[in-house]
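See below for the structure under consideration.
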Amino acid sequence: MASSTPPPLTTTKSYQNHHLPHHHHNHQTHPHNHRQSVHHHQWTSLKKPPPRHAAKPPPGPTTTTTTSTSTNPNFPSLSSLPPSTKSDLSADFSGRRSTRFVSKLHFGRPKTGFASRHTSSAEEALHLAIRHRSDDNNSSHIDSLLLNFQHKLSGTDDYTFLLRELGNRGEYSMAMRCFDFAVRRERRRNEQGKLASTMISVLGRLGKVDLARKVFDTAVVEGYGNTVYAYSALISAYAKSGCCDESIKVFETMKSCNLKPNLVTYNALIDACGKGGAGFDLASEIFDEMLGNGVQPDRITFNSLLAVCSGVGLWETARNLFSEMVYRGIEQDIYTYNTLLDAACSGGQMDVAFEIMSEMPTKHILPNEVTYSIMIRGCAKAGRLDKALSLFNEMKFAGINLDRVSYNTLLAIYASLGRFEEALSVGNEMESMGIKKDVVTYNALLDGYGKQGKYDKVKELFSEMKGERLSPNLLTYSTLISVYSKGGLYKDAMEVYNEFKQKGLKADVVFYSKLIDALCKKGLVESSALLLDEMTEKGIQPNVVTYNSIINAFGQSATVECPDGIIESLVQSSPSVFFREENDEDDSIIKIFDELAAENSCHSKQDNRIGQEISCILGVFQKMHNLRIKPNVVTFSAILNACSRCNSFEEASMLLEELRLFDNQVYGVAHGLLMGQRENVWMQALSLFDEVKQMDSSTASAFYNALTDMLWHFGQRQGAQLVVLEGKQRHVWENTWSDSCLDLHLMSSGAARAMVHAWLLNIRSVVFEGQELPKLLSILTGWGKHSKVVGDGTLKRAIETLLVGMGAPFRVAQCNIGRFTSTGALVTAWLRELGTLKVLILHDDRKYTGTATLELRPPFQTIPL
DNA sequence: TTAGGGTTAG
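According to our numbering, the first sequence is numbered sequentially starting from 213.
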């Protein structure tokens, strides 16, 4: 799979990992083969090595460089784990689906399971503090309460109990007052230090990392903060807020103060890698450093490493880590299993996930509500909604109560399907169980109704939410702004945006990406480019999602030149170094909405903005490359979709050819198939298809849809059919066909049309083998690829045209306008007609004959669309 | 010091 063409214009190697073959070293002297004693249990060294050692040759080198194996023979470095993926493609192409980490964290998880040595007076004080809390955020009553109790409370244990319990109830300002009170009355530094670490930990748990930092800084200045505990607590606080860089800075400071990091410190750091999305390499380095310093990893270390894998989509690595745990005699717990399951689910390995889940009871670890949430979400993402819903029943049957997350998950599934009655009834059940709807619940409903264009309902829910005194958050606002923009309700979008600003909330990359996407979908590339500038100036780096949205906007119509300035601004190589101060005059979002709302009201010709040449994509791609934003499979699909919207074969083929310089495997396949060089690229194509199969079903089907659409569009119809059959064979679309039914829903029109031909040919061979066809034959189109959009019958119309053009006897079913039916007898008769085979067999317009000549098939063979 | 939910690209 090595590239025949070197990447261009580049000093970095960011694309080369697409081409690197794996190094299968066969070193007999690999450290794994020489493991001897194991620190946990003597007997583990007698056990068989884990299957990976038996089944695979010793793994090749990885990126980390370390000498820890020599300093710690008990615990080899993780760099001896097998490669994280067998893929020849880079992990970037397959991509992690989420680019936001911080908001995925949920703060306020109560601290449980610690043995507290507090007195009953402390409990009494807590109950009084809670009972008398006021709604207006005024926590001053706790001061007098503490004064009353100070003689009954017996030292640090009581105060740390109060801090933790107030923290568990979200009462951080009361906790802060309690902390100030306790520190003031304490003279012993080490006791003050304990209070400070507890306070930092409590604040970190609640996501108040800036406040935690203040407590820490004060503690250091006042001479009781320079402890491993305080540093570890601060590292953990940054970890919980997803601030990996900050965690590492604190860690470095800690070392420069000659404090020796311990197991908790290292675990918190690895946790920070997971939550901050730092990638496995960094976590692995920290792990190695830990070993080098003689700190032995434990269950939590491995659980946190697993979480890193799950976050960045390294399923294979997660599996290997799990084996490593077993091999090392480190016991697994429910966290281990849930995290492993999460890694499997996000790696699209649902079957494996179910297998793992079924093994849990044999290890005496019973699935809990977290396990079920993970599995349900995995099923839902993989498009197995029936399975997701049945898991809820299984869960109830197993006597596991649905909690807030489970209810919200279930509700979100229904809302995303537009099944609002069921969504609302889940909401009611949830409330009847004493769980109030929260921001997440409302965000799911707003998104669901918004996607269906039910704007009145959106407005109603938004005010209902505020009526419940729930505070809309960043996601609420970005959902609403995107919904309104896509619906062309720019005035509403602007109002929501103003409210968002008044709240003092800060936009992030997802906020901008979502808005850019919405504007791109309206063909407003110019405005999108403006926003791209603005976000960069604000110090918010666009990511692959942002650019994918922009790429999607190209080729919407191939008639208009790129407006002056757009490309320059999209492609300019150096983003502004100076961050802009925020003020309204400078706010592009307001300007844009203002203008659009005005145009809207005088019915201006906004559609004229649509239409960019797809050759511009090359510039955008180059810009991504310069910014080291790695294109992924969605970028690929977006580019192919742009090609399908372009009528110029030359432009499309040139674009793909140029893109080969960036990634020869991926774009080489697309280009080769387009040019009719099937024999040359088919092996590469098959391995690309195998890679895509590893992704979740919607990503995979988007890939096949885009590729077949493009091939069909440019007349490479036999090629399109071969591709679509590969997709079918890999179960990209579920239950595609039987002798009696062809299900085309979730397919693009190109994929669907190629599939109809293939299915009819298959049926024909059934007939010619002398078998009888079923009495009734159906072709289902659903609502096409955008099946969530009510009333979008593009696919249905394309299939109808195709069937009529072939003279096939299928007709729209009376009871279901998305279904074409015919009788077996009629279809048999038609298939036996002389001319039928000819219209069924697809041809390619272009065949590559080894030289640069094109072989065009004669026009009389043309099959009508 | 460890696990699950909301958002973006198709």
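Each residue gets a CB set at the ideal place from its N, CA and C atoms; glycine is no exception.
Tell me whether residue i sits in a helix, a strand or coil according to DSSP, three-state version.
i     : result
D563  : helix
R381  : coil
W949  : strand
L374  : helix
Q896  : helix
D510  : coil
V1016 : helix
F1032 : strand
R247  : Its pLDDT being 31, under 50, R247 is placed unreliably in this model, and the value from its coordinates should be taken loosely. DSSP places R247 in coil when its eight states are reduced to three.
R401  : helix
L954  : strand
V979  : helix
S409  : helix
D650  : coil
K1053 : One point to set straight first is that residue 1053 is Ile, not Lys, in the sequence displayed. DSSP places I1053 in coil when its eight states are reduced to three.
I991  : strand
V944  : coil
Y584  : helix
V314  : Since pLDDT at V314 reaches only 42, below the 50 mark, its modelled position is unreliable, and the value read off the structure follows with that caveat. Helix.
Y709  : helix
K260  : Unreliable positioning characterises K260 in this predicted model, as indicated by a pLDDT of 30, which lies under 50. The coordinate reading is nonetheless provided below. It is coil, neither helix nor strand.
R840  : coil
R540  : helix
R890  : helix
With a 10 Å radius around its C-beta and 16 neighbouring C-beta atoms as the bar for buried, classify residue i as buried or exposed.
i     : result
T465  : exposed
G419  : buried
C469  : exposed
I1029 : exposed
K648  : exposed
T758  : buried
H969  : buried
A741  : buried
L985  : buried
H576  : exposed
R1058 : buried
H1146 : It is not possible to answer for residue 1146, since the shown part of the chain is limited to 213 through 1077.
L407  : buried
P754  : buried
F609  : exposed
C177  : The structure shown does not extend to residue 177, since the chain is modelled only from 213 to 1077, so the question has no answer here.
K663  : buried
S856  : buried
Excluding sequence positions up to five away, which residues of its chain have a Cβ less than 8 Å from the Cβ of residue i?
i    : result
T513 : L475, Y478, N479, I482, F499, M502
A490 : C456, A484, V520
V881 : V893, Q896, A897, L900
R381 : I342
S352 : R389
If contacts are defined as beta-carbon pairs under 8 Å, then residue i and residue j qualify, I think. What distance do you get, rounded to the angstrom?
i     : j     : result
N580  : T551  : That pair is no contact at about 13 Å.
M1018 : V1051 : 5 Å
S694  : K734  : That belief does not hold up - the Cβ atoms of S694 and K734 are roughly 11 Å apart, past 8 Å.
S413  : K364  : Contact flag wrong, Cβ pair sits at about 25 Å.
G665  : G699  : 6 Å
Keeping to the same chain, check which residues put their C-beta closer than 6 Å to that of residue i; ignore five residues upstream and five downstream.
i     : result
M562  : G590, A594
Y1060 : M887, G888, Q889
E398  : Q404
F712  : Y689
I804  : S739
Can you find the residues in the same chain that come closer than 7 Å, C-beta to C-beta, to residue i, ignoring five residues on each side of it along the sequence?
i     : result
T1033 : L988, L989, S990, F1022, R1023, A1025
A424  : I412, L415, G416, L446, A449
T1040 : V979, L985
N760  : V846, T847, A850
Cβ of residue i versus every heavy atom of the ligand COA: is any distance shorter than 7 Å?
i    : result
A610 : This structure does not include the ligand COA; it has no bound ligands of any sort.
For this session: Take every Cβ of the region 929–945, pair it with every Cβ of the region 1004–1013, and state whether three or more of those distances are shorter than 8 Å.
Result: no
Exercise. Is it a yes or a no for the region 914–925 touching the region 849–857, going by three-plus beta-carbon pairs under 8 Å?
Worked result: yes
Problem set entry | Touching by the beta-carbon criterion (3+ pairs, under 8 Å), the region 686–706 and the region 658–672 | yes
For this session: Count the C-beta pairs between the region 867–882 and the region 946–962 that are closer than 8 Å, then say yes if the count reaches three, no if not.
Result: no
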